[in-house]
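Report on one structure; see the data block that follows.
Number of protein chains: 2
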Amino acid sequence: MQKKNKPTIEDVARLSNVSTATVSRIINGKDKVKEGTKQKVLKVIEDVGFEIRKGNLLSDNDSKTILVCVTELKNPFNVPVIDGIQNSALKYGYDVLLLQTKQIYTEFSDYESVLKAQRFAGVVFLSSVTSAQLKKITDQLNYRCPIVFCSEYIEEMNIPYVAIDDKDAIYKATNYLLSCGRSKIGFINSNHSHNYAKKREAGFKEAMQDSGYTINEHMIVRLSSVNYGLGYSNALYLLGLEERPDALLCISDVFAIGALKACKKKGLRVPEDVAIIGFDNIELSTMTDPSLTTIDQPNYQLGYQSCELLVEKINNPDTLTKQIFLETELIVRDSTPLMISKNKGEQS
Amino acid sequence: MQKKNKPTIEDVARLSNVSTATVSRIINGKDKVKEGTKQKVLKVIEDVGFEIRKGNLLSDNDSKTILVCVTELKNPFNVPVIDGIQNSALKYGYDVLLLQTKQIYTEFSDYESVLKAQRFAGVVFLSSVTSAQLKKITDQLNYRCPIVFCSEYIEEMNIPYVAIDDKDAIYKATNYLLSCGRSKIGFINSNHSHNYAKKREAGFKEAMQDSGYTINEHMIVRLSSVNYGLGYSNALYLLGLEERPDALLCISDVFAIGALKACKKKGLRVPEDVAIIGFDNIELSTMTDPSLTTIDQPNYQLGYQSCELLVEKINNPDTLTKQIFLETELIVRDSTPLMISKNKGEQS
DNA sequence: TTGAAAGCGCTAACAT
DNA sequence: ATGTTAGCGCTTTCAA
């Protein structure tokens, strides 16, 4: 890392026979500078291709920007969360910058370069993490700034977070399906590198077992990314099984929308032949045909409160670590049939 | 802005009876430090709540991070663009940080705080801008770093960009509808604070006029944000007009998906009663029922090439300003009827 | 393994 | 209107 030959403010000052202070004034448009000198300096700046470097950052040493790490922007779940963070941050005068972490992991690299290159007041971690990664991240963050986890969290560690009870949410949704008389449930999950996926799967299995059903492992798929195509193709697969599912429980509305399409493709009616439940209650879930039954997550609040927690930590590092759970709610729309009382039998 | 009492590396050094160099070593885990001193220092760091400030940024003065400004993360159009940028950036070792500009403008503020608080190697501007805003932004960016516009651009200014021919894209789509025998076209646009909206509307009007149709101004709506709900409600409005449109031309697939729902709500068949065309060819447009006819924009390439341009500028500021146009393509799916040869009459 | 001290490039207070 | 200069907080030689 040899010293590059990029011109500094001193070079500009020397070449235009003024002081660095004057150049600084011109760059920042602060005090008055005589038009003549200004032009002269501007010309030099232009000529040598001067670009301000990091020296100026030193004067105001407190960072007023918050970093939000998010796995995939593609997942519409994230957007309201980010809006929540941003609105909270705005109140306190913080800027919000986003880092999409997907690519980074792809390359087996990590957050280090970003964290070292910029100075953040704090970070909201909206990406999903394994315990090992979390360990690494908190290490990298050490002596840097506070962190708050949003939506993803790891129980064993004493770290502030705002999240939902993933297991419980799916437990309830599964029970709902069972009470509709649907017990051949295909479960479209994310893979277990996501903590939420493990918890949701646990909720599914527990609900099934609590009602006396055995788990049919091959009715469970675990996908590496959240997108429509994957939901579609895997729903297609499940619907093609010898014992066709009569319900598809999806851990994302995105998967559920793919599943909807798969049913159409197969000529199956929703909800008559196949019930579908999504997760997240994204805006789109009201736009589908039929509209989606889904588990509402308070995404905006998830983000908003995470940032509130973070700002609290920033202002008072001694604040004790809070862990907040927000409520989910099953929103019943048209992709699931009506609940039945006791009748679990088939009807022709 | 009074000097805050936050501890610096010097405080830590003094309190642990070592030099700042040693503390620095420990923080960065570089050279070897005796375990004993390390623990001693670590304890002090913990006790005083030390957090590294911006001083360290000075040593490596070249920024290796690129800023991407995007209006609304909500619009799925942006995601592949960002992926394109990120993949290009990755090749050259740049990190990519995102700034959602929506809130900022809402508050009548601007980019200044972010631009001043961090140092970027360059910025890709994916947000839409008015000429006035652009002027302000380029001023703010002055002496800071190069900028490349992506997708949005302003003809009058000599600034590098990668974009599509908005006018032409809609011109072709309009002609397609006309050739399908649909001339009562409702046009669902963004409002004119977006440059692309002006251009697309011009394309629509020109096509209509070139075919001898008069423009029906109240069949045009101009929306302030790109989301499903707005598309839905405005399509509902258009479909409720006395002279009901037989086609809805939308400048975003998002609007088109809302329009699809509106047709369903009204009991109108797509494409038999109403043809629908979207814009962007987002992944979701294949998942709808019926699948969407849409104008494909090479979003990934838009992003990728923008970043290539930017890196070129970063490495060689004297590069001449390039302006690149990428091709769009009308993708015909099931939301539009078959083209007819000459028959413009109704059939009962 | 550790310390002393010279920068890094800029801003801002103060002086002229 | 402009110049002088003392920092800003850290990293990094170079010496010990």
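If you read the protein sequences in the order shown, they are chains B and R. Residue numbers 1 to 348, in my numbering, belong to the letters of the first sequence in order. Residue numbers 349 to 696, in my numbering, belong to the letters of the second sequence in order. Each residue gets a CB set at the ideal place from its N, CA and C atoms; glycine is no exception.
Residues that residue i contacts on chain B, provided the C-beta gap is smaller than 9 Å
i, result
"residue 465 (chain R)", "57, 60, 63, 64, 65, 95, 118 and 119"
"residue 637 (chain R)", "260, 261, 264, 288 and 289"
"residue 649 (chain R)", "Near residue 649 (chain R) there are no residues of chain B at all, since even the closest Cβ is about 17 Å away, more than 9 Å."
"residue 422 (chain R)", "76, 79, 80, 83 and 283"
As assigned by DSSP and simplified to three states, the class of residue i
i, result
"residue 610 (chain R)", "helix"
"residue 190 (chain B)", "strand"
"residue 99 (chain B)", "strand"
"residue 53 (chain B)", "coil"
"residue 421 (chain R)", "coil"
"residue 237 (chain B)", "helix"
"residue 643 (chain R)", "strand"
"residue 154 (chain B)", "coil"
"residue 200 (chain B)", "helix"
"residue 163 (chain B)", "strand"
"residue 528 (chain R)", "coil"
"residue 149 (chain B)", "strand"
"residue 288 (chain B)", "coil"
"residue 22 (chain B)", "helix"
"residue 247 (chain B)", "strand"
"residue 255 (chain B)", "helix"
"residue 133 (chain B)", "helix"
"residue 522 (chain R)", "helix"
"residue 270 (chain B)", "coil"
"residue 89 (chain B)", "helix"
"residue 119 (chain B)", "coil"
"residue 455 (chain R)", "In this predicted model, residue 455 (chain R) has a pLDDT of only 48, less than 50, meaning its place in the structure is not dependable enough to derive any value."
"residue 33 (chain B)", "coil"
Whole-angstrom C-beta distance between residue j and residue i, which should lie under 8 Å
i, j, result
"residue 259 (chain B)", "residue 443 (chain R)", "No, residue 259 (chain B) and residue 443 (chain R) are not in contact; Cβ-Cβ is about 36 Å, not under 8 Å."
"residue 253 (chain B)", "residue 199 (chain B)", "No, residue 253 (chain B) and residue 199 (chain B) are not in contact; Cβ-Cβ is about 18 Å, not under 8 Å."
"residue 129 (chain B)", "residue 137 (chain B)", "7 Å"
"residue 784 (chain R)", "residue 289 (chain B)", "Given that chain R is displayed from residue 349 to residue 696, the structure contains no residue 784 (chain R) and the question cannot be resolved."
"residue 360 (chain R)", "residue 396 (chain R)", "7 Å"
"residue 599 (chain R)", "residue 567 (chain R)", "That pair is no contact at about 14 Å."
Distance, residue j Cα to residue i Cα
i, j, result
"residue 10 (chain B)", "residue 405 (chain R)", "19 Å"
"residue 3 (chain B)", "residue 308 (chain B)", "Residue confidence is low: residue 3 (chain B) scores 33 on pLDDT, short of 50, so the model does not pin down where it sits. Its coordinate-derived value is still stated next. Those two C-alpha atoms are separated by around 41 Å."
"residue 592 (chain R)", "residue 26 (chain B)", "59 Å"
"residue 107 (chain B)", "residue 99 (chain B)", "Note that residue 107 (chain B) scores a pLDDT of 48, beneath 50, so its modelled location is shaky; the value from the coordinates is reported in the next line. Cα to Cα, the separation comes out at about 15 Å."
"residue 509 (chain R)", "residue 356 (chain R)", "43 Å"
"residue 334 (chain B)", "residue 437 (chain R)", "44 Å"
"residue 498 (chain R)", "residue 473 (chain R)", "6 Å"
"residue 639 (chain R)", "residue 626 (chain R)", "10 Å"
"residue 257 (chain B)", "residue 249 (chain B)", "11 Å"
"residue 531 (chain R)", "residue 181 (chain B)", "49 Å"
"residue 615 (chain R)", "residue 632 (chain R)", "22 Å"
"residue 556 (chain R)", "residue 595 (chain R)", "13 Å"
"residue 317 (chain B)", "residue 134 (chain B)", "20 Å"
"residue 38 (chain B)", "residue 480 (chain R)", "24 Å"
"residue 517 (chain R)", "residue 677 (chain R)", "7 Å"
"residue 675 (chain R)", "residue 412 (chain R)", "31 Å"
"residue 78 (chain B)", "residue 127 (chain B)", "9 Å"
"residue 445 (chain R)", "residue 610 (chain R)", "37 Å"
"residue 119 (chain B)", "residue 462 (chain R)", "12 Å"
"residue 503 (chain R)", "residue 667 (chain R)", "19 Å"
"residue 696 (chain R)", "residue 679 (chain R)", "Because residue 696 (chain R) sits at a pLDDT of 37, beneath the cut-off of 50, its placement in the model cannot be relied upon, and the point is left open."
"residue 30 (chain B)", "residue 5 (chain B)", "28 Å"
"residue 312 (chain R)", "residue 393 (chain R)", "This structure does not reach residue 312 (chain R), given that chain R is present from 349 up to 696, and the question cannot be answered."
Interface partners of residue i on chain B, CB under 7 Å
i, result
"residue 577 (chain R)", "283"
"residue 375 (chain R)", "143"
Beta-carbon neighbours of residue i, restricted to chain R and to distances below 9 Å
i, result
"residue 317 (chain B)", "397 and 399"
"residue 212 (chain B)", "None at all; the shortest Cβ gap to chain R is about 36 Å."
"residue 69 (chain B)", "Ordered by position in chain R, no residue passes the 9 Å Cβ test against residue 69 (chain B), which lies about 11 Å from the chain."
"residue 131 (chain B)", "None at all; the shortest Cβ gap to chain R is about 21 Å."
Within chain B, partners of residue i - CB distance below 8 Å
i, result
"residue 440 (chain R)", "Chain B residues near residue 440 (chain R): none, gap ~13 Å exceeds 8 Å."
Where residue i meets chain R, residues with beta-carbon distance less than 7 Å
i, result
"residue 263 (chain B)", "Residues of chain R passing the Cβ test: none, with the nearest at roughly 10 Å."
"residue 45 (chain B)", "491"
Any non-hydrogen atom of the ligand HEM closer than 7 Å to residue i Cβ
i, result
"residue 567 (chain R)", "Absence of the ligand HEM is noted for the structure shown, with no ligands found whatsoever."
Interface residues of chain R facing residue i [CB-CB closer than 8 Å]
i, result
"residue 232 (chain B)", "635"
#### Entry: Inter-stretch contact (C-beta, 8 Å, three-pair minimum) for the segment 296-303 of chain B and the segment 74-92 of chain B
yes
### Query
Are the segment 132-145 of chain B and the segment 167-179 of chain B touching, with three or more C-beta to C-beta distances below 8 Å?
no
### Message
For the pair the segment 214-230 of chain B and the segment 186-203 of chain B, tell me if three or more CB-CB distances fall below 8 Å.
### Response
yes
### Query
Any contact of the segment 413-431 of chain R with the segment 62-76 of chain B, i.e. 3+ C-beta pairs under 8 Å?
yes
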